[in-house]
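Written below as structure tokens is the structure these notes are about.
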Amino acid sequence: MRSLRVEVKGVVQGVGFRPFVYRIAKEYGITGTVANTPQGVDIVASGDGDSLFLFLKALKDEAPPAAIVEKVSVFSAQPPAAHSFEILPSDRGGQKHVLISPDLATCEDCTRELFDGSDRRYRYPFINCTNCGPRFTIISDTPYDRPLTSMSKFEMCEACASEYHDPGDRRFHAQPNACPVCGPRAWLVDRDGKEVAGEAAERAAQLIKDGRIVAIKGLGGFHLACDATSDEAVGALRERKQRYGKPLAVMVEGMPEARKLCKVSRDEERLLRSPRRPIVLLLEQEGSPLLREVAGGLNRQGLFLPYTPLHHLVLRDAGLPLVMTSGNVSSEPIAIDNEEAMRRLKDIADYFLLHDRDILVRYDDSVTRVFKGAEYPVRRARGYAPYPIRITPPAEIEVLALGAELKNTFCVLRGEQAFLGQHVGDMESAGEIEHFEEALQSVLRLFSLKPELVAHDMHPDYLTTQMAPEFGLPMVGVQHHHAHVVSCMADNAVTGDVIGVAWDGTGYGTDGTVWGGEFLVCDETGFTRAAHLFKYPMPGADACIFRLYRMVMGVMSALFEDEETALERLRARFQIEDAEAESLVFQLKNKVNAPMTSSAGRMFDVAAALSGLRSEAVYDGQAACELEAVATSTREYYNFILDRSVEPWVVDTRPLFREMLVDVEAGRGPSEVAGKFHASMALVIIETCEAIAKATGLDRVALSGGVFQNEMLATWVVDGLKVAGLSPLVHGRVPCNDGGVSLGQAVIAARSS
Ligand SMILES: [Zn+2]
Ligand SMILES: [Zn+2]
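Residues in the sequence shown are numbered consecutively from 1, following my numbering.
Structure (structure tokens):
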């Protein structure tokens with residue numbers, strides 16, 4: 001007989017790990033104990049050598065589906081007193097290093113019971129088990145045990161308690177275990193708070209079929225739901241939510257319904273069905289009954305499957321694809337409380353499907369896609385965050401990185417774990433700052449994180465930059481595009497020197513100008529700006545992001561070197577009032593409020609506007625997305641010049657726009673112009689990287705920044721770099737957009753200090 005102590009680290013709490021250990025201990029005749037600790041799971045196991053060997057092997061090989069075993073350490077131990085195997089109460093002391101599984105979509109077993117008329121949980125909206133259900137959204141502290149969750153107020157009935165205490169039951173120690181007798185309930189109210197009679201989910205589905213908008217309380221917040229095939233319902237939702245132009249996500253009941261709307265590859269199906277249940281961006285199926293309007297003019301539609309029992313009920317009863325968009329008013333975070341939702345969404349929703357299991361932490365839906373057979377995340381939130389990104393080598397100092405401004409996330413780096421927080425949106429309103437602070441406090445508390453250093457963007461006007469001193473810690477300012485490139489390196493577990501291509505809309509440069517079409521030679525501690533796109537003036541600065549013709553005027557002024565001629569050519573294509581025309585000329589002539597930018601995002605805007613797609617945008621990046629949607633594949637391209645006589649090198653795109661203007665004036669359509677523009681921009685990246693590689697001897701190219709969400713460009717660039725003998729690195733665990741910047745900031749700050 002031998003005795004061992006086994007420490008297991010990873011996601012081993014709230015995923016049925018202790019019952020699993022109990023089961024395999026019984027199977028191999030092991031005596032001893034298992035307990036949750038702040039670091040993970042602790043086991044004392046006693047048995048003969050063979051049994052112990054098999055027990056340890058099963059521990060690693062047969063772990064429950066939602067568990068992630070990261071490390072198993074074995075020590076010799078004193079024999080346990082017990083002659084059986086026992087599950088001990090949790091130990092709550094000490095530093096917390098345990099990882100908790102993010103929220104998990106309703107599993108197949110529970111879905112079956114949900115629709116089984118003979119089951120005691122038939123149509124019960126809060127059915128769950130050890131393998132599924134809410135996690136982070138109901139936890140107030142670790143370890144993950146019922147008293148520390150929003151389930152603490154519900155006392156289990158006898159039947160539920162016996163499942164909970166029976167190691168052979170699939171609900172053994174399922175913390176949110178509940179049933180219609182003892183658990184949370186759902187109910188439906190109108191705008192005035194008056195309860196609607198009947199079964200809540202069934203009534204809500206009927207109202208949606210009748211064209212109404214229903215706010216539905218989910219896992220990480222409220223959704224606004226309506227019939228995705230009804231012009232009127234979708235129109236009303238957009239108008240009341242003031243969400244014009246932006247795409248809306250659609251939830252469908254299952255895979256057969258998904259295939260009616262979109263083409264789904266095997267990789268995409270895997271993501272759609274994963275327990276993380278993200279929104280997956282898919283190409284539309286021909287003859288899809290979805291309104292074009294739902295996708296907001298883009299060529300990809302965001303689709304997801306039900307992930308709570310309540311979703312399953314509503315979707316099945318409605319029998320329709322439903323728009324399910326975040327329950328918020330634009331520029332506010334997603335609502336989580338019943339009263340908060342009733343107050344904030346009263347002018348949007350006709351009815352509210354509420355329940356009394358409180359959401360303790362706000363989580364939006366995650367958005368993802370497949371690029372070249374691998375996951376290519378767009379937004380990390382529910383189901384993903386704050387599960388840490390592993391980095392190597394471990395950081396020697398604990399760092400809090402505050403991220404950028406738009407699509408913000410924060411990151412706390414400790415050792416080899418980078419806890420990237422959930423997407424909190426654009427840091428522009430008081431509500432969003434509150435969301436940021438709530439989310440940050442929750443992550444710091446749950447993992448006992450104690451940052452020693454704060455990293456922030458260099459932009460003096462970002463709210464995140466202004467927040468940095470409040471932490472009372474040493475601060476490190478990190479250049480935006482350097483952070484992008486290093487986030488891509490960390491994402492790929494790469495260290496050392498690389499060529500970095502950071503193409504996005506806006507980032508504050510070290511020279512105080514607006515960067516965004518950058519080629520860096522860098523590592524995690526510093527960078528040189530090797531090359532950048534030609535700088536054009538932005539008359540009216542940020543006004544150019546929405547009034548695209550203003551940026552076209554900036555480019556025209558550089559093409560014609562005379563503002564009056566530029567204006568004349570501009571007015572031949574765009575309707576511009578005299579007052580605005582005058583201000584454009586004034587700003588450019590006198591260099592007033594016309595900052596210079598090397599932004600690649602703005603170049604996509606100009607191409608979209610010049611080709612006749614749109615002259616104004618509702619949101620940053622809209623025109624670029626539409627440009628990609630219409631572009632036809634082509635081998636033709638526009639010319640550009642890589643000017644190596646200056647430091648840093650400059651990619652002169654004036655010839656490109658001159659030729660584009662000729663095309664447009666000759667009546668060539670947007671698809672053709674867009675195709676040639678994409679081909680040219682891909683070539684700009686490939687040829688510039690080749691030249692930098694030749695000069696430096698480097699061959700790895702990290703591709704980051706929001707522009708790389710453009711699949712056509714990304715595909716051509718990745719393929720072209722490979723043909724040129726270079727090794728492209730693309731994102732796979734964090735977004736290429738500003739949602740990944742905090743990871744780069746954290747790594748740079750840790751490695752530089
Ligand atoms: Zn389940
Ligand atoms: Zn019960």
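Backbone N, C-alpha and C fix where the C-beta goes; we use that ideal spot for every residue, glycine too.
Range covered by the alpha helix (DSSP H) that runs through residue i
| i | result |
| --- | --- |
| Glu582 | Asp578 to Asn590 |
| Ala754 | This structure does not reach residue 754, given that the chain is present from 1 up to 753, and the question cannot be answered. |
| Lys71 | Run containing Lys71: none in the alpha helix (DSSP H); it sits in the beta strand (DSSP E), Ile68 to Ser76. |
| Asn338 | Asn338 to Arg344 |
| Met151 | Premise fails: Met151 is in no alpha helix (DSSP H) and is neither H nor E. |
| Ser557 | Leu548 to Phe560 |
| Ile686 | Pro670 to Thr696 |
| Glu7 | Counting along the chain, Glu7 falls outside any alpha helix (DSSP H), though it belongs to the beta strand (DSSP E) covering Arg2 to Gln13. |
| Leu656 | Arg654 to Glu665 |
| Gln745 | Val741 to Ser752 |
| Gly319 | Neither: Gly319 is in no alpha helix (DSSP H) and is coded neither H nor E. |
Residue i: CB within 7 Å of a non-hydrogen atom of ligand 1
| i | result |
| --- | --- |
| Asp119 | no |
| Asn177 | no |
| Thr106 | yes |
| Asp109 | yes |
Pairwise C-alpha distance: residue j and residue i
| i | j | result |
| --- | --- | --- |
| Thr325 | Gly287 | 23 Å |
| Phe55 | Asp166 | 21 Å |
| Ala215 | Phe352 | 5 Å |
| Leu444 | Val673 | 49 Å |
| Asp358 | Pro125 | 14 Å |
| Ile389 | Glu340 | 33 Å |
| Arg2 | Ala25 | 14 Å |
| Ala81 | Gln39 | 24 Å |
| Val98 | Val707 | 36 Å |
| Ile213 | Ser118 | 32 Å |
| Val370 | Glu268 | 6 Å |
| Gly554 | Glu580 | 14 Å |
| Gly667 | Gln479 | 42 Å |
| Ser754 | Leu584 | A query on residue 754 cannot be resolved here, the shown segment of the chain reaching from 1 to 753 and no further. |
| Ala724 | Glu690 | 7 Å |
| Ala455 | Ala401 | 4 Å |
| Ser448 | Val12 | 17 Å |
| Ala541 | Val592 | 10 Å |
| Gly505 | Gly517 | 8 Å |
| Ala750 | Leu413 | 8 Å |
| Asn737 | Ile641 | 27 Å |
| Glu564 | Thr464 | 41 Å |
| Asn328 | Ala566 | 42 Å |
| Pro670 | Ala631 | 7 Å |
| Asp643 | Thr653 | 10 Å |
Near ligand 2: residue i beta-carbon under 7 Å from a heavy atom
| i | result |
| --- | --- |
| Cys160 | yes |
| Cys129 | no |
| Gly133 | no |
| Val181 | yes |
| Met151 | no |
| Met156 | yes |
Limits of the unbroken beta strand (DSSP E) element including residue i
| i | result |
| --- | --- |
| Cys522 | Val514 to Cys522 |
| Ser633 | From DSSP, Ser633 is part of no beta strand (DSSP E); its letter is neither H nor E. |
| Thr229 | Unbroken run through Thr229: none, as it is neither H nor E. |
| Glu438 | Not the beta strand (DSSP E): Glu438 falls in the alpha helix (DSSP H), residues Ala430 to Leu446. |
| Ser46 | Gly40 to Gly47 |
| Met324 | Leu322 to Ser326 |
| Glu568 | Note, Glu568: premise wrong, no beta strand (DSSP E); alpha helix (DSSP H) at Glu563 to Arg571. |
| Pro256 | Note, Pro256: premise wrong, no beta strand (DSSP E); alpha helix (DSSP H) at Met255 to Leu261. |
Rounded distance between the beta-carbons of residue j and residue i, thought under 8 Å
| i | j | result |
| --- | --- | --- |
| Asn128 | Pro176 | 5 Å |
| Val252 | Leu303 | 6 Å |
| Glu626 | Leu298 | 7 Å |
| Leu713 | Met603 | Incorrect: roughly 11 Å between the Cβ atoms, too far for contact. |
| Leu310 | Trp187 | Going by Cβ atoms, the distance from Leu310 to Trp187 rounds to 11 Å, so no, they are not a contact pair. |
| Arg380 | Val734 | 7 Å |
| Val775 | Ile686 | Only positions 1 to 753 of the chain appear in the structure, and residue 775 is not among them; the question remains open. |
| Met660 | Ala746 | Not confirmed; about 40 Å, so no contact. |
| Asp491 | His423 | Asp491 to His423, Cβ: 16 Å. No contact. |
| Ile87 | Arg135 | Not a contact, Cβ separation roughly 20 Å. |
Task: Every unbroken beta strand (DSSP E) inside the stretch 271-316 [3 residues or more] - done: 279-283 and 300-304
Task: Every unbroken alpha helix (DSSP H) within the stretch 440-504, with a cutoff of 4 residues, ordered by chain - done: 463-467 and 480-491
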